[in-house]
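Peer 1: Residues 1 to 136 (UniProt numbering) make up the sequence shown, in order. For every residue, glycine included, the Cβ atom is placed at its ideal position computed from N, Cα and C.
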Amino acid sequence: MAHHALSSQESYNPNHLLDILLGKMQLKNDAALSRMLEVAPPVISKIRHHRLPVGASLLIRMHEVTGMSIRDLRDLMGDRRTKYRLSDAQGRPKPEEKAAQQAAQQAAQQQQAQAQGQQPQSNEASSSTKSGNYAH
């Protein structure tokens, strides 16, 4: 069974949150709750069995449907964290995006050099023979 970091908190209990939502919205079961939140029924089941955390988008949807604050919703499920840590990888460009940015920079430099009447610097990305351009 895969566990997420939040499930290691002793106070974390998403079932309490789901049960409160069922009562507040006067719903009979998790299937009705999933329809109200516009998520697939297995999502609610996975949350109940601690196989899936209550994510930000679902918390926002719960807030929209119930009018309860995000803080109150998090408190109901026992999420007592005050800070969120982002991984170092978040916000960084993906390798293919980085390569595209570099190619765009090199193309801009070449255009600038040509506009000034200079010979563009040779590099692998700009050479049509090295880039695999098969148009003859």
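1) Grouping DSSP H, G and I as helix and E and B as strand, with all else coil, what is H50?
2) Measure the Cβ-Cβ separation of L18 and L33 and say whether it is below 8 Å.
3) Assuming contact is defined by CB atoms lying nearer than 8 Å, are L27 and V39 in contact in what I supplied?
4) Once the 5 residues before and after I70 are set aside, which same chain residues still bring their CB inside 7 Å of it?
5) Work out the CA separation of L76 and N15 for me, nearest whole Å.
6) Is it buried or exposed, P53, if we count other Cβ atoms within 10 angstroms and call 16 or more buried?
7) Please say whether G78 and S11 have beta carbons closer to each other than 8 Å?
8) Quick one: grab the DSSP three-state call for Q26.
9) Quick check: the Cα distance between A99 and G23, rounded to an integer number of angstroms?
10) Please report how far the alpha carbon of L21 lies from the alpha carbon of Q102, in whole angstroms.
11) Can you tell me which of the three DSSP states M68 falls into?
Peer 2: Concretely, from the data shown:
1) coil
2) yes
3) no
4) L59, H63
5) 9 Å
6) buried
7) yes
8) coil
9) 52 Å
10) 49 Å
11) coil
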